[in-house]
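Asker: Just dropping this structure here.
Protein chains: 2
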Amino acid sequence: MTLRALEIFITVCETGSMSAAARKLYMTQPAISQTILGLEDKLNVRLFDRIKKRLILTHAGEIFLRYSKRIVNLINEAENAMTDIANLKLGQLRIGASMTIGTYLLPDIISAFNKKHQDVELPFIIDNTKIIRKMILNNEIDIAFIEGPINSNDIIIEPFFDDELYLVCSIRHEWANKDSISSEKIRNESFIMREKGSGTREVIENTLKQFNLSYEIKHVLNNIDAIKKAIEANMGISILPKIAIKKEIVEGKLAKIKLDNIKFKRKFKIIYHKDKYHSPLFNKFIDYIKSSTQNFK
Amino acid sequence: MTLRALEIFITVCETGSMSAAARKLYMTQPAISQTILGLEDKLNVRLFDRIKKRLILTHAGEIFLRYSKRIVNLINEAENAMTDIANLKLGQLRIGASMTIGTYLLPDIISAFNKKHQDVELPFIIDNTKIIRKMILNNEIDIAFIEGPINSNDIIIEPFFDDELYLVCSIRHEWANKDSISSEKIRNESFIMREKGSGTREVIENTLKQFNLSYEIKHVLNNIDAIKKAIEANMGISILPKIAIKKEIVEGKLAKIKLDNIKFKRKFKIIYHKDKYHSPLFNKFIDYIKSSTQNFK
DNA sequence: GACGGTTACGCTGACCGTAACAATC
DNA sequence: GATTGTTACGGTCAGCGTAACCGTC
């Protein structure tokens, strides 16, 4: 019993004749006749009474017609769902991100993307790089955005955004009005730092070490928001990613200062499993992320 | 997209591998691989991620799996319904009958048949022969049982029961205790008759005319029950079909008397459209009717 | 004769098997 | 080397078309 046979049967019922069904389906009439006879033979039941060359559904035929319609409808529904997925009208992309990106960069982008593609599900999880890496390998998420270093033969890494970190102080701090500060001076300031293992801290330490600058850590806070509040309260200075402080700079709550020619730079990366199927939604989202972050100041 | 492909897809999902599915379905593994690839190609969607030769359903695959299961279930349901019909576990037979048969013969038989075949529908209609004939021709009923004459090139007529009509009188009537009555004597009795056009009346008139017997009609009642009540009240005598008076004879409410050697006989007939499909239920019911009436006294 | 359904027969392509290859464990 | 999935190729059969036949209007 093929789906085609069901469609033909339904058409015969609706048109009331095999000839009419043949015309409607662009087939020859004997082909219709044969599939109907084949159905009857296969089902061991007469579907039509042929009374004076006119077709009249038997009781069995009526029951089978109802089933046939339900089946064909369901198949169409399934096919539509699949084309919707192919056309990004439907789908799911499970997104992961590490702290900073997940907090300051992705929320706006995801929500904007979701407005463009209403019926797409975009479950989103923020965790540290190690966990995110494991989730990629276990196929628990489809794609992730991280700042820290990562390595695995099964993971493809693709940079997508040049991050820079800025020295930040309270607007009440004496540096607040200066354009630039001599890098030597920071050894006299109280530094507020992220905890060990933080990608942000790693960049800062590496860069300062590279320039042989000494500094003193006064407070250690495990999230950027806490650090920002502490700086606002003039408890010290810190070096923070630009995406995390954009808003506060604009609002005049924090001041960013150049430190000679020293730049704190790193790359944000897109990662995904090397065997991952690049669904249309997958590709679209990567494109969207890239174009959204391209002109980020 | 074939049903077979859906079954294969479901099996692959359930077993988690194409090889296992191949073993389960007694097919080769490449055949499985091809149908899955074919499905993906046709649907324009990846159903599985192949991560290290292991199959993991994509989001699209999960959605399609749910649809596939529903579709396959529905198809099985439809096929089961059809085999049930073929096996008389399900079905419908629309039965018609003319007055006498429908009132006195069929009800018990239909209800007994329905006890043997619980889930079968047996809609039943009683009307005069002319209407019943029309319903057969219009495919409004599948089979009918009639006593009167009928003719149509499209209707098959098959006798199934030899009916006999008996002279009946009240037990208070002077004939009640006699075994036999000379046929000449009925001209002095008040006759109770069915209306003109009744099949029963026709038999009586034809037979009496054949024997050149005269009689006088006193009352004309259009149904047998009314005639029986009238006879019980000793308003007259009548000649009634044996199936209609069996109960009253046994209960001693009416007396039946032989009239010399005159016998009022006729045949009950099964009729159906000549192009009617003889469903298993159709045949079974005819067999049942014949065997039930074979030993009717 | 026009129309509708069935039967007979031939072709084509989809489906499945065999064989060979690739990749993972 | 054993297992699993993909690719290539060939055979078979179901499904459709053509032609011819039959019954109804």
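Heads up: the sequence lines are chains A and B, in that order.
By this note's numbering, the letter at position 120 of the first sequence is numbered 120, and the numbering carries on one by one without gaps.
Numbers given in this note's numbering equal positions in the second sequence, counted from 1, plus 1000.
Quick reminder that beta carbons are idealized off the backbone N, C-alpha and C, glycines included.
1. Anything in the segment 108 to 123 of chain A with a Cβ closer than 7 Å to a Cβ of chain B? List those residues in chain order, please.
2. Run through chain B and tell me which residues come within less than 8 Å of A:Gly-197, C-beta to C-beta.
3. Is B:Ser-1238 buried or exposed, if buried means 16 or more other CB atoms sit within 10 Å of its CB?
4. Tell me the DSSP secondary structure of A:Glu-232 in three-state form.
5. Going by DSSP, what residues sit across from A:Gly-96 in a beta bridge?
6. Roughly how many angstroms lie between the CA atoms of A:Arg-6 and A:Lys-53, to the nearest whole one?
7. Whose C-alpha, out of B:Phe-1296, B:Lys-1185, B:Lys-1247, B:Leu-1122, is nearest the C-alpha of B:Lys-1258?
8. Beta-carbon of A:Leu-3 versus every beta-carbon of chain B: anything under 9 Å?
9. Output yes if chain B places a C-beta closer than 9 Å to the C-beta of A:Asp-41; else output no.
10. Return the first residue and the last residue of the alpha helix (DSSP H) that B:His-1059 is part of.
11. Counting along the chain, where does the beta strand (DSSP E) carrying B:Lys-1265 start and finish?
12. Per DSSP, A:Arg-50 forms a beta bridge with which residues?
13. Restricting to Cα atoms, I'd like to know which of A:Gly-236, A:Lys-228, A:Gly-252, A:Met-235 is closest to A:Ala-244.
14. Give a yes or no on whether the minimum CB-CB distance between A:Asp-163 and chain B is below 9 Å.
15. Rounded to the nearest angstrom, what separates B:Ala-1031 and A:Ala-31 at their Cα positions?
16. Over what stretch of residues does the alpha helix (DSSP H) that includes A:Asp-163 continue unbroken?
17. Which chain A residues are close to B:Asp-1127, counting only those with a beta carbon under 7 Å from its beta carbon?
18. Secondary structure at A:Phe-191, three-state DSSP: helix, strand or coil?
19. When you compare the CB positions of B:Ile-1085 and B:Leu-1240, do they come within less than 9 Å of one another, or not?
20. Excluding the 5 residues preceding and the 5 following A:Leu-106 in the sequence, name in chain order all residues of the same chain whose CB lies nearer than 6 Å to its CB.
21. Going along the chain, which residues of its own chain have a beta-carbon closer than 6 Å to the beta-carbon of B:Ile-1141, five neighbours each way excluded?
22. Looking at the C-beta of B:Met-1235, does it have a partner C-beta in chain A at a distance below 9 Å?
23. Under 7 Å between beta-carbons, which chain B residues line up against A:Phe-64? List them in chain order, please.
24. Just to confirm, are B:His-1219 and B:Phe-1191 a CB contact at a threshold of 9 Å?
25. Please compile the residues from chain A whose C-beta is within a distance smaller than 8 Å of the C-beta of B:Leu-1074.
26. Just to confirm, are B:Leu-1254 and B:Val-1168 a CB contact at a threshold of 9 Å?
27. Can you tell me the Cα-Cα spacing of B:Ser-1019 and B:Ile-1010, whole angstroms?
28. Within 10 Å of its beta-carbon, does B:Phe-1264 have 16 or more other beta-carbons around it, so buried, or fewer, so exposed?
29. Report the residue from B:Leu-1025, B:Lys-1069, B:Ser-1017 whose alpha carbon sits nearest the alpha carbon of B:Leu-1048.
30. Should the segment 1264 to 1279 of chain B be regarded as contacting the segment 1141 to 1152 of chain B, the criterion being three or more beta carbon pairs within less than 8 Å?
31. Helix, strand or coil, according to DSSP, for B:Pro-1149 in the structure here?
32. Which two residues bound the contiguous alpha helix (DSSP H) that contains A:Ala-176?
33. Bridge partners for B:Ser-1238 per DSSP, in chain order?
34. List the residues of chain A whose Cβ lies closer than 7 Å to the Cβ of B:Gln-1092, in chain order.
35. Below 9 Å on C-beta distance, what does A:His-273 contact in chain B?
36. So for A:Gly-91, helix, strand or coil by DSSP?
Answerer: Answer, in terms of the structure:
1. Residues of the segment 108 to 123 of chain A with a C-beta atom less than 7 Å from some C-beta of chain B do not occur.
2. Taking the first residue of the first sequence as position 1, residue 197 of chain A is located at position 197. Around A:Gly-197, no beta-carbon contact reaches into chain B at under 8 Å, the shortest distance being about 29 Å.
3. For the purposes of this step, residue 1238 of chain B is identified with residue 238 of the second sequence, where counting begins at 1. Here B:Ser-1238 is buried, its C-beta having at least 16 other C-beta atoms within 10 Å.
4. For this step, residue 232 of chain A is matched to residue 232 along the first sequence. Helix at A:Glu-232.
5. By one-based count along the first sequence, residue 96 of chain A stands at place 96. A:Gly-96 pairs with A:Ile-125, A:Ala-144.
6. One-based indexing of the first sequence puts residue 6 of chain A at position 6. One-based indexing of the first sequence puts residue 53 of chain A at position 53. It should be noted that the sequence gives Leu, not Arg, for residue 6 of chain A. Cα to Cα, A:Leu-6 sits roughly 22 Å from A:Lys-53.
7. Your numbering for residue 1258 of chain B matches position 258 in the second sequence. Among B:Phe-1296, B:Lys-1185, B:Lys-1247, B:Leu-1122, the Cα nearest to that of B:Lys-1258 is on B:Lys-1185.
8. For the purposes of this step, residue 3 of chain A is identified with residue 3 of the first sequence, where counting begins at 1. Yes, contact with chain B.
9. Locating residue 41 of chain A in the first sequence gives position 41, counting from the first residue. No, no contact with chain B.
10. By 1-based counting over the second sequence, the position of residue 1059 of chain B is 59. For B:His-1059, the enclosing alpha helix (DSSP H) stretches over residues 1059 to 1086.
11. To locate residue 1265 of chain B, count along the second sequence from 1; it is residue 265. Unbroken beta strand (DSSP E) run through B:Lys-1265: 1264 to 1273.
12. Taking the first residue of the first sequence as 1, we reach residue 50 of chain A at position 50. In the DSSP output, where bridge partners are listed per residue, A:Arg-50 has A:Leu-55.
13. Locating residue 244 of chain A in the first sequence gives position 244, where the first residue counts as 1. Closest by alpha carbon: A:Lys-228.
14. Against the first sequence, residue 163 of chain A aligns to sequence position 163. Interface criterion not met: the Cβ of A:Asp-163 is under 9 Å from no Cβ in chain B.
15. Indexing the second sequence from 1 puts residue 1031 of chain B at position 31. Indexing the first sequence from 1 puts residue 31 of chain A at position 31. Each residue's alpha carbon lies about 28 Å from the other.
16. The residue labelled residue 163 of chain A in the question sits at position 163 within the first sequence. For A:Asp-163, there is no enclosing alpha helix (DSSP H); the residue is found in the beta strand (DSSP E) stretching over 155 to 170.
17. For this step, residue 1127 of chain B is matched to residue 127 along the second sequence. What B:Asp-1127 touches in chain A: nothing, since even the nearest Cβ is about 21 Å away.
18. Position 191 of the first sequence, counted from the start, is the residue given in the question as residue 191 of chain A. Residue state, collapsed to three classes: strand.
19. Within the second sequence, numbered from 1, the residue matching residue 1085 of chain B stands at position 85. Within the second sequence, numbered from 1, the residue matching residue 1240 of chain B stands at position 240. Not closer than 9 Å, so no.
20. Taking the first residue of the first sequence as position 1, residue 106 of chain A is located at position 106. Taken in chain order, the residues that qualify are Ala-97.
21. Position 141 of the second sequence holds residue 1141 of chain B. Same-chain partners within the cutoff: Arg-1094, Gly-1096, Met-1135.
22. Mapped onto the second sequence, residue 1235 of chain B falls at position 235. Cβ-Cβ to chain A under 9 Å: no for B:Met-1235.
23. Locating residue 64 of chain A in the first sequence gives position 64, counting from the first residue. Those are Ala-1078, Met-1082, listed as they occur along chain B.
24. For the purposes of this step, residue 1219 of chain B is taken as residue 219 along the second sequence, with counting starting at 1. For the purposes of this step, residue 1191 of chain B is taken as residue 191 along the second sequence, with counting starting at 1. Yes. Within cutoff.
25. In the second sequence, the residue the question calls residue 1074 of chain B occupies position 74. Taking the beta carbon of B:Leu-1074 as reference, the chain A residues within 8 Å of it are Tyr-67, Arg-70, Ile-71, Leu-74, listed in sequence order.
26. For the purposes of this step, residue 1254 of chain B is identified with residue 254 of the second sequence, where counting begins at 1. For the purposes of this step, residue 1168 of chain B is identified with residue 168 of the second sequence, where counting begins at 1. Cβ distance < 9 Å, so B:Leu-1254 and B:Val-1168 count as in contact.
27. Indexing the second sequence from 1 puts residue 1019 of chain B at position 19. Indexing the second sequence from 1 puts residue 1010 of chain B at position 10. B:Ser-1019 and B:Ile-1010 have their alpha carbons spaced roughly 13 Å apart.
28. For this step, residue 1264 of chain B is matched to residue 264 along the second sequence. That one is buried.
29. For this step, residue 1048 of chain B is matched to residue 48 along the second sequence. A small correction: the amino acid at residue 1048 of chain B is Phe; Leu does not occupy that position in the sequence shown. Per the Cα distances, B:Ser-1017.
30. Yes: the two stretches touch, three or more of their Cβ pairs being nearer than 8 Å.
31. Reading the second sequence from its first residue, position 149 is the one you call residue 1149 of chain B. In the displayed model, B:Pro-1149 falls within coil according to three-state DSSP, outside both helix and strand.
32. Position 176 of the first sequence, counted from the first residue, corresponds to residue 176 of chain A. DSSP places A:Ala-176 in no alpha helix (DSSP H); its state is neither H nor E.
33. As a working note, residue 1238 of chain B is residue 238 in the second sequence. DSSP, once it has assigned bridges, lists B:Val-1168 as partnering B:Ser-1238.
34. Walking along the second sequence from the start, residue 1092 of chain B turns up at place 92. B:Gln-1092 reaches chain A at His-59, counting residues in chain order whose Cβ is nearer than 7 Å.
35. Taking the first residue of the first sequence as 1, we reach residue 273 of chain A at position 273. What A:His-273 touches in chain B: Asp-1049, Ile-1051.
36. Looking up residue 91 of chain A in the first sequence gives position 91. A:Gly-91: strand per DSSP, three-state reduction.
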